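To keep things clear, I will list the structure first and then write my remarks on it.
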Amino acid sequence: MASSDLGLRLRLVEVRYGAPGINLYRLASFDGATLPAFEPGAHLDLEVAPGLMRQYSLLWPQPASDCYEIAVQEAFDGRGGSRAWHRQSVAGDIYQSSIPRNHFPLGATNETTRYLFAGGIGITPIVSMYRKLVADGQPVQLHYWTRSPEATLFHAELAAIADGSVRIHHTSGPAPRLADVLADTPMEAPLYCCGPTRMIDAFDELTERRSIDLVHRERFAVAPADTGPAGSFTVRLARSGRTLDVGAQETVLSACLAAGIDLSYSCEEGVCGACEVRVLSGRVDHRDQVIAPAARASSNTMMACCSRGLTTLELDL
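Quick note on numbering: the working numbering labels position 287 of the sequence shown as 291, and the sequence is numbered without any gaps.
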């Protein structure tokens, strides 16, 4: 990630148990200054260790004007970020962070019931959305799939809600599938989903006939993709007036950086959305996890770290 994008300096001030393998981390501004506000669905790009950038959903509401809170599940088959939190972090550690970024927003307030779906640690942005909608007096239904009551993050909070707006499904026993729940969900309802790869893949397939304006999801892991061949292509940069050739082993991001073009980036895997750029013309081979498959044909942006050109691309750079 470009160093200029890491504009916040945060101190770890508290670590709390959330559920088996999941801890809650409270981070405060280094100098006590007010931190930028955010809406549910926002995340931070955090430098967990030198050169190790990871993205974490922010819990809403903000615990204090100078604090943020995240939940981290230890992934034993992961890439090291979660292990660094669980095995190495201690109160007092200092982290560099981006300002909050949101590619999973709730959108405008309306009276239509929002349907929220979460699996495992994917509850982090979803519970934030639920809290916000309840605080605003908006109708909402939350479905949350977890292994058992003991493994359920925010179990005490959610289990105490008695008005029927929260359904917790424990997969260790009989439980409805996502397909069963979606079959009874009105076609005009706004949908929001966050969970493991298999859940998001199923959600994408089950909602492909719904309006793309009503379907929203966020992955918290990189999904295997059918990337196809990676041929070379050309990009024209409209603002700088330059033309760059992007080789088969390059990305738009790497080609721009090599040419001295400043471009924000973070995960370099098509998950965080930091490197999103506007496409003025040309056909894009979308390989990211940010833009939903159903929305790709109409999208006028691309993620420079992974998506490619099927034709010459003109970019707003």
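Glycine included, every Cβ here is placed at the ideal spot set by N, Cα and C. Note that the structure is a prediction, hence the values are computed from the model and not measured.
If you count every other CB in all the chains shown that lies within 10 Å of the CB of residue i, and 16 or more means buried, which is it?
| i | result |
| --- | --- |
| S236 | exposed |
| S7 | Reliability fails at S7, whose pLDDT of 43 lies under 50, so the model's placement of it is uncertain and the value that follows must be treated cautiously. Flag for S7 reads exposed. |
| M5 | Residue placement at M5 is flagged as unreliable, the pLDDT there being 48, under the threshold of 50; the coordinate-derived value follows with that caveat. By the 10 Å Cβ count, M5 comes out buried. |
| P178 | exposed |
| G96 | exposed |
| V256 | buried |
| A139 | exposed |
| A252 | exposed |
| A263 | exposed |
| V281 | buried |
| A164 | exposed |
| S268 | buried |
| S215 | exposed |
| D167 | exposed |
| R291 | buried |
| M203 | buried |
| F80 | exposed |
Give me the Cβ distance between residue i and residue j, rounded to the nearest whole Å; I'm assuming they're in contact under 8 Å.
| i | j | result |
| --- | --- | --- |
| L110 | P44 | 6 Å |
| V288 | G313 | 6 Å |
| I130 | Q77 | The Cβ separation is near 14 Å, so there is no contact. |
| F34 | R15 | 5 Å |
| A37 | R105 | Not confirmed; about 19 Å, so no contact. |
| L241 | L321 | 4 Å |
| I127 | R13 | With a Cβ gap of about 28 Å, I127 and R13 do not count as contacting. |
| L56 | G84 | 6 Å |
Give me the DSSP bridge partner(s) of residue i.
| i | result |
| --- | --- |
| C198 | A122, E222 |
| F207 | Beta-bridge pairing links F207 to no other residue. |
| F158 | Paired residues: none, contrary to the question. |
| A75 | L28 |
| T150 | H174 |
| I130 | Looking at the DSSP assignment, I130 forms no beta bridge with any residue, so it has no partner. |
| S101 | L12, L50 |
| A23 | I26 |
| D289 | R312 |
Can the beta-carbon of residue i be found closer than 8 Å to that of residue j?
| i | j | result |
| --- | --- | --- |
| W149 | G123 | yes |
| L319 | V283 | yes |
| A23 | T117 | no |
| D208 | A296 | yes |
| S169 | Q142 | no |
| E212 | A298 | yes |
| L28 | D70 | no |
| A308 | C260 | yes |
| T316 | G277 | no |
| P153 | H147 | no |
| Q100 | E51 | yes |
| S102 | D49 | yes |
| F42 | H220 | no |
| I125 | A206 | no |
| S93 | V19 | yes |
| E273 | C310 | yes |
| T201 | R223 | yes |
| V210 | L248 | The displayed chain sequence assigns Leu, not Val, to residue 210. Not a contact, by the Cβ cut-off of 8 Å. |
**OP:** Report yes or no: do the region 193-201 and the region 165-181 share at least 3 C-beta pairs separated by less than 8 Å?
**Re:** no
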